[in-house]
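Engineer: Attaching a single structure in structure tokens format; questions to follow.
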Amino acid sequence: MQFHSASSSWNDLRAQAERALDTEPALADLFRQTVLEHPDFGCTLAQRVGQALADTAEQRQALAERFAEIHRQQPQLAESAWRDLQAIVSRDPAFDSALEVLLFSKGFLALQAYRIGHHLQRQGERLLALFIQARCNERLGIDINPASRIGSGIMLDHGTGIVIGETAVVGDDVSILQGVTLGGTGKEGGDRHPKVRSGVMIGAGAKILGNIEIGEGAKVGAGSIVLHPVPPHTTVVGNPARQAGKPRHARPALDMDQSFDEEG
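Residue numbers (our numbering): 1 to 264.
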């Protein structure tokens, strides 16, 4: 699909929220507080993440203000978030609009919290970054280390039980389903987590362990245990994972075909 910038799409998101006021008046406060009271997409994201992580109204306001400041300083965060949002709309039939994703996709929410935490981690604000990670784990059931590196156009489908370790790398346009672990193989330090290249799809419950590369356009079947590198444009399945042909699509993350045979 064609991706549009956050700034050019902001008016469309606001229009969706305005229409929702008429169709679902019981949620009017949600539409106003999340979208309509804010001047741009970055402020909306800051409010949404702060609201999800805070315990009290005072903490919610403090977090939202801090996160909005980060978004003003780092406008690329909103651009990455918009690519994530559009990726979910295009790949997940459970959501019909950008507004639905913003309000109800916990995978999207966890990613935007991670993006703020990653910025804080890089700035040396480790305690707040770890607070964000811990709250996402507690509230959303998704555990993403703020030091990991994640591209844009990402879909965390359902999201529950996803774990992404400290030195993991996830490229652009990747789809990861529930229960996936990008983990280490023990208590060793250093660079110890997987490197997932662009266009990869990882099926539900798959465990990818160690500093191994999952090549561009590869597909990892549901429940697979992957301990060795996966070549680009290759399907792997099983425990331990074995090669099972090639995906039918050059970028399996985009078509979300979770079936496999000897051809993919």
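Note that beta-carbon positions come from the ideal geometry of N, C-alpha and C, so glycine has one too. Since the structure is predicted, the reported quantities are computational estimates derived from the model, not experimental observations.
Could you work out which residue in ALA81, HIS158, ALA26 is closest to PHE95 when comparing CA atoms only?
Structural biologist: If you number the sequence shown from 1, residue 95 lands on position 95. For PHE95, the nearest C-alpha among the options comes from HIS158.
Engineer: Tell me which residues share the same chain as ALA68 and place their Cβ nearer than 7 Å to its Cβ, disregarding the 5 neighbours each side in the sequence.
Structural biologist: On the sequence shown, residue 68 is found 68 positions in, with the first residue counted as 1. Excluding sequence neighbours, ALA68 sits near GLY42, CYS43, ALA46.
Engineer: Can you tell me whether GLN86 is buried or exposed, with buried defined as 16 or more other CB within 10 angstroms of its CB?
Structural biologist: Residue numbering aside, residue 86 sits at position 86 when the sequence shown is read from its first letter. By the 10 Å Cβ count, GLN86 comes out buried.
Engineer: Comparing alpha-carbon positions, which option in SER9, PHE31, ASP40 lies nearest GLU18?
Structural biologist: Within the sequence shown, residue 18 is the residue found at index 18, counting from 1. The residue with the shortest Cα to Cα distance from GLU18 is PHE31.
Engineer: Shortest alpha-carbon distance to HIS119 belongs to which of ARG66, GLY161, LYS106?
Structural biologist: Residue numbering aside, residue 119 sits at position 119 when the sequence shown is read from its first letter. The residue with the shortest Cα to Cα distance from HIS119 is ARG66.
Engineer: Quick check: what's the CA-CA separation for LEU227 versus VAL180?
Structural biologist: Residue 227 sits at position 227 when you count from the first residue of the sequence shown. Residue 180 sits at position 180 when you count from the first residue of the sequence shown. LEU227 and VAL180: Cα-Cα distance of roughly 14 Å.
Engineer: Alpha carbon to alpha carbon, how far is LEU182 from ALA15?
Structural biologist: On the sequence shown, position 182 is the one that residue 182 refers to. On the sequence shown, position 15 is the one that residue 15 refers to. In a straight line, the C-alpha of LEU182 is about 38 Å away from that of ALA15.
Engineer: Using the DSSP secondary-structure output, state which residues sit across from ILE164 in a beta bridge.
Structural biologist: Locating residue 164 in the sequence shown gives position 164, where the first residue counts as 1. For ILE164, which the question treats as bridged, DSSP gives the partners ILE144, LEU182.
Engineer: Where does ALA17 fall in DSSP's three states?
Structural biologist: Locating residue 17 in the sequence shown gives position 17, counting from the first residue. Helix at ALA17.
Engineer: So for SER175, helix, strand or coil by DSSP?
Structural biologist: Your numbering for residue 175 matches position 175 in the sequence shown. If DSSP states are grouped into helix, strand and coil, SER175 belongs with the strands.
Engineer: Is the separation between the beta-carbon of ARG48 and that of ALA54 shorter than 7 Å?
Structural biologist: Position 48 of the sequence shown, counting from 1, holds the residue named residue 48. Position 54 of the sequence shown, counting from 1, holds the residue named residue 54. The answer is no: Cβ separation not under 7 Å.
Engineer: CB ARG251 to CB GLY217, shorter than 7 Å?
Structural biologist: As a first step, residue 251 must be located in the sequence shown, where it is residue number 251. As a first step, residue 217 must be located in the sequence shown, where it is residue number 217. In contact: ARG251 and GLY217 (Cβ atoms closer than 7 Å).
Engineer: So what's GLU213 in DSSP terms, helix, strand or just coil?
Structural biologist: By 1-based counting over the sequence shown, the position of residue 213 is 213. Here GLU213 sits in strand by DSSP.
Engineer: Evaluate contact between the segment 157–177 and the segment 186–205, counting only Cβ atoms and requiring at least three cross-stretch pairs below 8 Å.
Structural biologist: Touching, yes.
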